Each structure stands twice: as structure tokens, then as C-alpha cells.
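Below: the structure, in C-alpha cells.
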Amino acid sequence: FTLTNRSEMKFPVLLGRKLLRRRFLVDVSAHNLSFELKQGSH
Numbered sequence: 023f024t025l026t027n028r029s030e031m032k033f034p035v036l037l038g039r040k041l042l043r044r045r046f047l048v049d050v051s052a053h054n055l056s057f058e059l060k061q062g063s064h
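Just so you know, this note's numbering puts 30 at position 8 of the sequence shown, and the rest follows in order with no gaps.
Now the structure itself:
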């Protein structure tokens with residue numbers, strides 16, 4: 023976690039690569055998956 027106040031930011035928690043290592047597979051070709059795509063934008 024970070025000591026920076028993230029209450030006003032879009033993502034309140036940051037996860038580092040050391041935490042994710044050997045536990046998760048990250049598809050780097052995908053992005054903005056937490057937001058709905060506007061119709062016709064893909």
C-alpha cells in the first residue's frame with residue numbers, strides 16, 4: 023500500500039508486481055477493463 027491519500031483518485035489501492043508475482047497471470051494486451059466501453063468505440 024501507499025502512504026499517499028488516494029481517496030479522491032480513481033483507483034484507491036495500487037498492487038505491485040511483487041505482490042502479483044507467481045500468483046496471477048496478467049494479460050498486458052487488455053486495458054481499461056474496469057470501465058464499460060462506449061458503444062461503437064471498439
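A virtual CB, placed ideally from N, CA and C, is assigned to each residue, including glycine.
Everything numeric in this text was worked out from a predicted model, so none of it was measured.
Asked	Found
Give me, in chain order, the residues of the same chain whose beta-carbon lies closer than 7 Å to that of Arg43; leave out the 5 immediate sequence neighbours on both sides.	none
Roughly how many whole angstroms lie between the Cα atoms of Ser29 and Leu55?	21 Å
Could you tell me the distance, in whole angstroms, from the CA atom of Met31 to the CA atom of Leu37?	15 Å
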